[in-house]
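Written out below as structure tokens is the structure these notes cover.
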Amino acid sequence: MPLELFNTLSGKVEPVYASDGANVRMYCCGPTVYDYGHIGNFRTFLHVDALRRVLAMLGHSVRHVMNVTDVDDKIIRNAGAAGQPIDVYTKKFTDAFFEDSDALGVERPEAIAMATENIDGMVALIERLAAQDIAYKAEGGSWYFRIAKFPEYGKLSKKDFEGIEDGARVDVDEYDKDAARDFALWKATRPGETGWDTPLGAGRPGWHIECSAMAMKYLGDSFDLHAGGEDLMFPHHENEIAQSESATHQPFARHWFHVRFLLVEGRKMSKSDGNFYTLRDLLLKGYRASAIRFLLLSVPYRHQLNFTFDGLTESTNAIDRLRTFHTRVRDGKWAEGTDPALALAIHEGDLAYTHALCSDLNTAEARAAIFDVLRAVNTAADKGTLLRAEAEATLTLLAKFDSVFAVLEDRDAELTRAALAWAQREDREADASLVATLSLSDEDIDKLVAARTLAKKQRNFAKADALRQELLDKGIVLEDSKDGVRWKRK
RNA sequence: GCACCGAUGGCGAAGUGGCUAACGCGCUGGUCUGCAAAACCAGUAUUCAUGGGUUCAAAUCCCAUUCGGUGCUCCA
């Protein structure tokens, strides 16, 4: 079954495939490392992660490249304010970005392209454009792209620039450009700023040329898919197309994948509204990394997602149910045999799951298919009719589910501990009850649980209940089953 | 202002012309349990923002209105 995705360029849902017959070559615009990533950033990276994981699930080999923008105006400004060289400043946030990505289960792309390590390629591309008189140097020493030379400009964002008067909205300061919409390829260095001495003159690359140069370096002039947040469609991606296709006279990326923005508690996320959250903020409030991943992934990428704390609680509970179920099927003792009706239900769940993901990455429907199977198998297990064959089929399906959603393995306590350690180093506040819960080690908990089990055996229920309450107060929930006592952190 | 997208139960959300409107969370009752928890069972929208229209048939198509969001400028 092919994966079909909406293509912004064509406006249609189309199959994704490897045009070179070997790898699906995809490029995703990565972070600009001037601050910690927020959950809006990660929504995009999480859906690109789901995309690459679905491709892998379907048997494709993927070559995924992501850039890191480690030089731009904001970085230069912030590094200057912090009194740091830009490479020191950006390293901190680059490292933080990958730590956060790991915490959220985002797989590493096959290649990470750092802007500052690819200046040569950008200069070469600009020179190639200059040879065709598409790039030109303006009075201040900066280079611009001559949009008039690319008649298809606007084909991605479906903008019609006919009738837009040149100069109609031009800033007074920008008289050195030939036309108002012409965008910067190379920005001349101003005194005291970071720059590179190149045949173009001293300066630094514009943001758009970075992605064009690096995508083509790693993936070739023409490749399969280009991804990013919806805001990048214009002007960033439009400009990438203009630059690349002007240079190569070939289609740049065939398929364009754009992830919509999220809202937080029904409002646009913004620092001034106080609803701006980084991953670290949420971990320190006591929310789990897995719940954040699951919530951000549960709403399909083409829909706006309203991120709420209630939603996070919902996701936490849903994951608990999935994990409990997984453990139950994996660790239970199931008699030999098979039950055709249940086998069929699992098979149909598998088909529905795969079909949903292939249908424009419908993660909500895929999730629903798994819960249908969960209920059917739990019912059978309760009735004593779950047999070995179906238990194994269920585990296989769960593994397939987790190859995309990646929430079954519980790394949450460990990740939250890491966030707490970071908060301590950086002198940031963390939720007090969270600190208390995590201060209790697994060994301490096991001891208390054992004491309670002993009290229970002696039918000293008052003492047993007191111990259970003590654990609950510290965020530990107990579950008694025939196979013994399980505990988990709330 | 111009352009585009969305509005489905208490909450999140699937479904884009045709069976009783998925699924998750929550809530209520039951089973199980020393009591809980977990799990299961039953119940929880006669109805899909509002008004009109097309059709044998609409949550799904068309028009209008209201509300929310986005782009046009740095932004995932």
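So the first sequence is numbered by the working numbering: it starts at 15 and just counts up by one. Built from N, CA and C at the ideal position, the CB exists for glycine as well. The model shown is predicted, which means the values in this text are computed figures rather than measured ones.
Inter-residue spacing [alpha-carbon to alpha-carbon] between residue i and residue j
i, j, result
"Asp180", "Lys172", "Unreliable positioning characterises Asp180 in this predicted model, as indicated by a pLDDT of 40, which lies under 50. The coordinate reading is nonetheless provided below. About 19 Å."
"Ala117", "Met128", "21 Å"
"Glu423", "Arg337", "8 Å"
"Arg218", "Arg268", "29 Å"
"Asp287", "Lys105", "29 Å"
"Tyr315", "Asp479", "46 Å"
"Thr408", "Arg381", "15 Å"
"Gly155", "Gly135", "19 Å"
"Asp460", "Thr352", "37 Å"
"Lys201", "Gly220", "6 Å"
"Met71", "Ala476", "51 Å"
"Trp436", "Phe339", "33 Å"
"Ala96", "Ala227", "30 Å"
"Pro249", "Ser236", "20 Å"
"Val313", "Ala378", "6 Å"
"Ile333", "Ala427", "14 Å"
"Gly234", "Leu17", "23 Å"
"Val38", "Glu121", "16 Å"
"Ile255", "Lys26", "19 Å"
"Pro123", "Glu141", "29 Å"
"Asp364", "Pro354", "15 Å"
"Lys282", "Leu319", "11 Å"
"Trp348", "Leu401", "5 Å"
For residue j and residue i, believed in contact at Cβ under 8 Å, the rounded distance
i, j, result
"Leu486", "Val463", "Incorrect: roughly 12 Å between the Cβ atoms, too far for contact."
"Ala149", "Leu199", "6 Å"
"Leu139", "Ile223", "6 Å"
"Tyr291", "Val273", "With a Cβ gap of about 17 Å, Tyr291 and Val273 do not count as contacting."
"Thr58", "Gly325", "Contact doesn't hold; Cβ gap of about 18 Å is too wide."
"Glu406", "Ala357", "That pair is no contact at about 10 Å."
"Thr208", "Ile90", "6 Å"
"Ile53", "Leu293", "7 Å"
Residue i vs residue j beta-carbon contact at 8 Å
i, j, result
"Val10", "Val421", "The first residue shown for the chain is 15 and the last is 504, placing residue 10 beyond what the model contains."
"Met40", "Val82", "no"
"Cys225", "Cys372", "no"
"Leu375", "Leu60", "no"
"Asp196", "Tyr158", "yes"
"Phe56", "Leu448", "no"
"His240", "Trp270", "yes"
"Ala145", "Tyr50", "no"
"Lys507", "Thr130", "No statement about residue 507 is possible, as the shown extent of the chain runs from 15 to 504 and does not include it."
"Arg466", "Arg482", "yes"
"Lys169", "Leu23", "yes"
"Thr330", "Ala305", "yes"
"Phe308", "Leu276", "no"
"Ala390", "Ala359", "yes"
"Lys504", "Ala450", "no"
"Tyr232", "Val79", "yes"
"Leu452", "Arg425", "no"
DSSP state of residue i mapped onto helix, strand, coil
i, result
"Cys43", "coil"
"Asp196", "coil"
"Trp270", "strand"
"Ser495", "strand"
"Ala152", "coil"
"Trp348", "coil"
"Ser373", "strand"
"His263", "coil"
"Glu244", "helix"
"Lys26", "strand"
"Pro219", "strand"
"Leu388", "helix"
"Val313", "coil"
"Asn289", "coil"
"Asn132", "coil"
"Phe164", "coil"
"Glu188", "Here Glu188 scores only 45 on pLDDT, less than 50, and its place in the model is too uncertain to base an answer on."
"Thr212", "strand"
"Phe111", "helix"
"Lys105", "helix"
"Ala127", "strand"
"Lys414", "helix"
"Val38", "strand"
"Val137", "helix"
"Phe237", "strand"
"Phe20", "strand"
"Ser284", "coil"
"Met15", "coil"
Length-filtered (4 minimum) alpha helix (DSSP H) runs lying within the region 51-94: 53-71
Enumerate, from N- to C-terminal direction, the unbroken alpha helix (DSSP H) stretches of 4 or more residues contained entirely within the region 426-500. 426-440, 446-453, 456-471 and 475-487
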